[in-house]
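Colleague: Residue numbers (the working numbering), protein chains in the order written: chain D, 1175 to 1240; chain V, 1477 to 1942. Structure provided below as structure tokens; questions to follow.
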Amino acid sequence: MSGEVTSERVAVIATAARIPLDTDSSARVARAVTPAIAQFAAADVSIDFEVEPSTFAAIARADIGR
Amino acid sequence: MSELAALTLAEIAAAIRARKASSVEVTQALLARIASWQPELNAFVRVDPEGALAAAAAADATLANGAAKGALHGVPVAHKDMFYVAGKLAECGSKLRKGFVPSATSTVVARLDQAGTIRLGALHMSEFAYGPTGHNVHLGPARNPWDPTRITGGSSSGSGAAVAARLIYAALGSDTGGSIRLPAHFCGITGLKPTSGRVSRANAMPLSFSLDSVGPLARTAEDCSLILAAIAGPDPLDATTADAPAWGTTARPLSDLSIGIPSAFYIEDLDADVAATFDNTIATLRALGAKLVPVTLPDQTAINAAALIVLAVEATSAHAPWLRTRPGDYGPQVLARLQNGLAYSAVEYLEALRWRGPALATHLASIGTIDAIIAPVANSAAPTIEATDVGAGAGAELAIQKITRFMRLANYLGLPSLVVPAGYSSGNLPIGIQLIGRPFGDEILIALGEAFQTETNHHRRTPPRM
């Protein structure tokens, strides 16, 4: 995952989502989200192949009554 | 202030049940306070005196016949304007939902109705609950009862202001990135973000379906427990609540409980007042018998980033139809934040979402047998409305993230977190401290909060002039 976000990338995703976004807004969005994307990319998190979003709920419930 | 308005939720419920005060008397007392303070605080978006007084009279008549509806019989409350009630407006702090009348009632409001509460009206909120300060370009800002030039915190801004000003005894709020806990901190009241899955979100306005929690803002931990007892538990309309354990407040002695003090992140960049309050709270809990131990938590920066990605994409997805057709009807800041959700790829979003389980497992491994983490809520007491009016410019997102930086662990990992008033700044503004629990450890937080509030009086202090 790259930490770099460009206004071109934002514009492409907005177009695919059929949501209007002017050029200035694309550039602003790119600047605004770069820290979060860069931080998550830098963390290089390890996720096992089998993990899905609902794995979270199973882990939470396994802690009940600890 | 009238003696009735000064009571806690637990105290007023007991007084009404014992017929030491009638529901009508109590409702009239609060309506009078609302009439006095609403022009200054902007805490309510609608007040329903006629409906509330009729419901109060009915509650008194029922009680006169020897039948109490539930534990909160005849107690007036009000909720953030995002909890649907069939046939009543729910405008979500927005222009887009102006005039919206839902056809179904939210499970939480229905359960509080069953417990006997009556509703005084609906409370101010940040537009679509997407803002941590209490600013709202459509409604104007809610104002902090401790100093009306200061923010209430958001997004449950009216809930925070109204409870702090003793206009109501308790309110429901929602918390996706601190929206219960920040108003509790800035307004000097108690707020509980429950464990994800503990309280139904059915027919409440969504922001981020993975991160949203519904919970109470009230004056004490005991009051929060009373609300939770009424609203928690499985709901067929919200699948995330399936198999949630029943609410129970069996007390555990504090000598059995251990509290972790983070060795990094949560102790950084605190102003002197918050740092002193944090240290004092640790000392008080230690004196009460709890074991306070240092703990090294996993990288909170990665957790914050993952939470922001999940929130941004899910909010944008929920709002996509309006972003296509009515973008001009959003306030500039909310529109800008919703547009931010367009920046992430599907793979980035799903990696952030899939990582919740492993991140929770790593968190639990790091805390071992610790029952709760103690942490500040924000790095200062309430800043001014003017200083935090950051608009929609390039720096707005970073400014917002600075306010919410201690909030996202509980949302991303679905953990319960209780905020209790714990001290005051040199400028006489309240400061809260949060206790972050284990999954479904909400009752332990309540027990800790009750013990702390037995020993301290911060929750009893009222704003100046009130």
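A virtual CB, placed ideally from N, CA and C, is assigned to each residue, including glycine. It should be emphasised that the depicted structure is a prediction, and the values quoted were computed from it without experimental measurement.
Give me the Cα-Cα distance between E1487/V and K1496/V, rounded to the nearest whole angstrom.
Modeller: For this step, residue 1487/V is matched to residue 11 along the second sequence. For this step, residue 1496/V is matched to residue 20 along the second sequence. Those two C-alpha atoms are separated by around 11 angstroms.
Colleague: Among all the DSSP beta bridges, which residues are the ones paired with A1694/V?
Modeller: What you label residue 1694/V is simply residue 218 of the second sequence in a count that begins at 1. Paired residues: A1646/V, T1666/V.
Colleague: I want to know whether the stretch 1520 to 1527 of chain V touches the stretch 1576 to 1590 of chain V - three or more CB-CB distances under 8 angstroms.
Modeller: No, because fewer than three Cβ pairs between the stretch 1520 to 1527 of chain V and the stretch 1576 to 1590 of chain V fall closer than 8 angstroms, the two stretches do not touch.
Colleague: In its own chain, which residues sit with a C-beta less than 8 angstroms from the C-beta of A1566/V, not counting the 5 before and 5 after it?
Modeller: In the second sequence, the residue the question calls residue 1566/V occupies position 90. Once the five neighbours on either side are set aside, the close Cβ partners of A1566/V are D1557, M1558, F1559, Y1560, R1573, F1576, V1577, P1578, A1598, M1681.
Colleague: Are any of the Cβ atoms in chain V nearer than 9 angstroms to that of M1175/D?
Modeller: What you label residue 1175/D is simply residue 1 of the first sequence in a count that begins at 1. Residue placement at M1175/D is poorly supported in this model, since its pLDDT is 48, which falls under 50; the coordinates are not used for a value here.
Colleague: Taking 9 angstroms as the CB-CB cut-off, is T1229/D touching chain V?
Modeller: Locating residue 1229/D in the first sequence gives position 55, counting from the first residue. Yes - at least one Cβ of chain V is within 9 angstroms of the one on T1229/D.
Colleague: Buried or exposed: which applies to D1732/V, given that a residue is buried once 16 or more other Cβ atoms fall within 10 Å of its Cβ?
Modeller: The count along the second sequence starts at 1 and reaches residue 1732/V at position 256. The residue in question, D1732/V, is exposed, as its Cβ has fewer than 16 Cβ neighbours within 10 Å.
Colleague: At a CB-CB cut-off below 9 angstroms, which residues of chain V make contact with D1237/D?
Modeller: Walking along the first sequence from the start, residue 1237/D turns up at place 63. Going along chain V in sequence order, the residues near D1237/D (Cβ under 9 angstroms) are L1836, L1840, R1914, P1915, F1916, G1917.
Colleague: Any idea what DSSP makes of Y1825/V, helix, strand or coil?
Modeller: As a first step, residue 1825/V is located in the second sequence; it is residue number 349 there, counting from the start. Helix at Y1825/V.
Colleague: Determine the DSSP secondary structure at D1714/V, reduced to helix, strand or coil.
Modeller: The count along the second sequence starts at 1 and reaches residue 1714/V at position 238. Residue state, collapsed to three classes: strand.
Colleague: Please report the distance separating the alpha-carbon of S1842/V from that of G1629/V.
Modeller: The residue given as residue 1842/V occupies position 366 in the second sequence. The residue given as residue 1629/V occupies position 153 in the second sequence. Distance between the alpha carbons of S1842/V and G1629/V: 31 angstroms.
Colleague: Taking only beta-carbon atoms, is E1182/D less than 9 angstroms away from chain V?
Modeller: The residue you call residue 1182/D lines up with position 8 of the first sequence. Not closer than 9 angstroms to any Cβ of chain V, the Cβ of E1182/D fails to qualify, so no.
Colleague: Taking DSSP as the reference, what is the three-state secondary structure of R1143/D?
Modeller: Since the first residue shown for chain D is 1175 and the last is 1240, residue 1143/D is missing from the structure and cannot be characterised.
Colleague: Out of L1889/V, A1752/V, R1937/V, which one is the CA nearest neighbour of S1856/V?
Modeller: Working through the second sequence from its first residue, we reach residue 1856/V at position 380. If we check each option's Cα against that of S1856/V, A1752/V comes out closest.
Colleague: Quick one, are the C-beta atoms of V1500/V and A1554/V less than 9 angstroms apart?
Modeller: By 1-based counting over the second sequence, the position of residue 1500/V is 24. By 1-based counting over the second sequence, the position of residue 1554/V is 78. No, the pair does not count as a contact, with Cβ atoms beyond the cut-off.
Colleague: Using DSSP bridges, identify the partner residues of T1880/V.
Modeller: Working through the second sequence from its first residue, we reach residue 1880/V at position 404. Paired residue(s): none; T1880/V is not in a bridge.
Colleague: Compute the distance between the beta-carbons of E1827/V and A1206/D, then report whether it is under 9 angstroms.
Modeller: Looking up residue 1827/V in the second sequence gives position 351. Looking up residue 1206/D in the first sequence gives position 32. Not in contact: E1827/V and A1206/D (Cβ atoms no closer than 9 angstroms).
Colleague: Within the 9 angstroms Cβ cut-off, does Y1742/V reach chain D?
Modeller: Numbered from 1 along the second sequence, position 266 holds the residue referred to as residue 1742/V. Taking Cβ atoms only, chain D never reaches closer than 9 angstroms to Y1742/V, which makes this a no.
Colleague: Of all the CB atoms in chain D, is at least one closer than 9 angstroms to the CB of I1656/V?
Modeller: Mapped onto the second sequence, residue 1656/V falls at position 180. Closer than 9 angstroms: no.
Colleague: For the stretch 1854 to 1871 of chain V against the stretch 1909 to 1928 of chain V, are there 3 or more C-beta pairs whose distance is under 8 angstroms?
Modeller: Judged by Cβ distances under 8 angstroms, the stretch 1854 to 1871 of chain V makes no contact with the stretch 1909 to 1928 of chain V, as fewer than three pairs qualify.
Colleague: What residues in its chain sit with their C-beta under 6 angstroms from that of M1175/D, if we drop five residues either side in the sequence?
Modeller: Here residue 1175/D corresponds to residue number 1 of the first sequence, with the count starting at 1. Because M1175/D carries a pLDDT of 48, less than 50, the predicted location of this residue cannot be relied on, and the following value inherits that uncertainty. A1215.
Colleague: Under 9 angstroms Cβ-Cβ, which residues of chain D neighbour A1875/V?
Modeller: Here residue 1875/V corresponds to residue number 399 of the second sequence, with the count starting at 1. None at all; the shortest Cβ gap to chain D is about 11 angstroms.
Colleague: Using a cut-off of 9 angstroms between C-beta atoms, extract the partners of T1583/V located in chain D.
Modeller: In the second sequence, the residue the question calls residue 1583/V occupies position 107. Those do not exist, as T1583/V stays about 19 angstroms from chain D at its closest Cβ, beyond 9 angstroms.
Colleague: What does E1226/D touch in chain V if you count any residue whose Cβ is under 7 angstroms from its own?
Modeller: For the purposes of this step, residue 1226/D is taken as the residue at position 52 of the first sequence. Residues of chain V passing the Cβ test: R1830.
Colleague: Assuming L1485/V and A1505/V are in contact, meaning their beta carbons sit under 8 angstroms apart, how far apart are those beta carbons, in whole angstroms?
Modeller: One-based indexing of the second sequence puts residue 1485/V at position 9. One-based indexing of the second sequence puts residue 1505/V at position 29. L1485/V to A1505/V, Cβ: 14 angstroms. No contact.
Colleague: Looking at the structure shown, is Y1888/V part of a helix, part of a strand, or coil, going by DSSP?
Modeller: Residue numbering aside, residue 1888/V sits at position 412 when the second sequence is read from its first letter. Here Y1888/V sits in helix by DSSP.
Colleague: Can you look up D1623/V in the DSSP assignment and give me helix, strand or coil?
Modeller: On the second sequence, position 147 is the one that residue 1623/V refers to. Here D1623/V sits in strand by DSSP.
Colleague: Classify S1478/V as helix, strand or coil using the three-state DSSP reduction.
Modeller: Sequence index remark: in the second sequence, residue 1478/V carries index 2 (1-based). Coil at S1478/V, not helix or strand.
Colleague: Under 7 angstroms between beta-carbons, which chain D residues line up against G1709/V? List them in chain order, please.
Modeller: As a working mapping, residue 1709/V is identified with position 233 in the second sequence. Per Cβ cutoff of 7 angstroms: no residues; G1709/V is ~14 angstroms from chain D at best.
Colleague: Identify whether A1678/V lies in helix, strand or coil by the three-state DSSP scheme.
Modeller: Here residue 1678/V is taken as the residue at index 202 of the second sequence, counted from 1. A1678/V falls in the coil class under three-state DSSP.
Colleague: For A1927/V and G1667/V, what's the separation of their Cα atoms in angstroms?
Modeller: The residue you call residue 1927/V lines up with position 451 of the second sequence. The residue you call residue 1667/V lines up with position 191 of the second sequence. The straight-line gap from Cα to Cα measures roughly 15 angstroms.
Colleague: How is G1869/V classed by DSSP in three states: helix, strand or coil?
Modeller: The residue given as residue 1869/V occupies position 393 in the second sequence. Residue state, collapsed to three classes: coil.
Colleague: Count the other CB atoms within 10 Å of the CB of T1625/V; is the residue buried (16 or more) or exposed (fewer)?
Modeller: Within the second sequence, numbered from 1, the residue matching residue 1625/V stands at position 149. So T1625/V counts as exposed.
Colleague: From R1695/V, K1571/V, A1715/V, D1699/V, pick the residue whose C-alpha is nearest to that of A1419/V; which is it?
Modeller: Nothing can be reported for residue 1419/V: it is not among the residues displayed for chain V, which extend from 1477 to 1942.
Colleague: Using beta carbons (cut-off 9 angstroms, strictly below), is E1603/V in contact with chain D?
Modeller: The residue given as residue 1603/V occupies position 127 in the second sequence. No, no contact with chain D.
Colleague: What are the boundary residues of the beta strand (DSSP E) that includes G1913/V?
Modeller: If you number the second sequence from 1, residue 1913/V lands on position 437. From DSSP, the beta strand (DSSP E) with G1913/V extends over 1906 to 1913.
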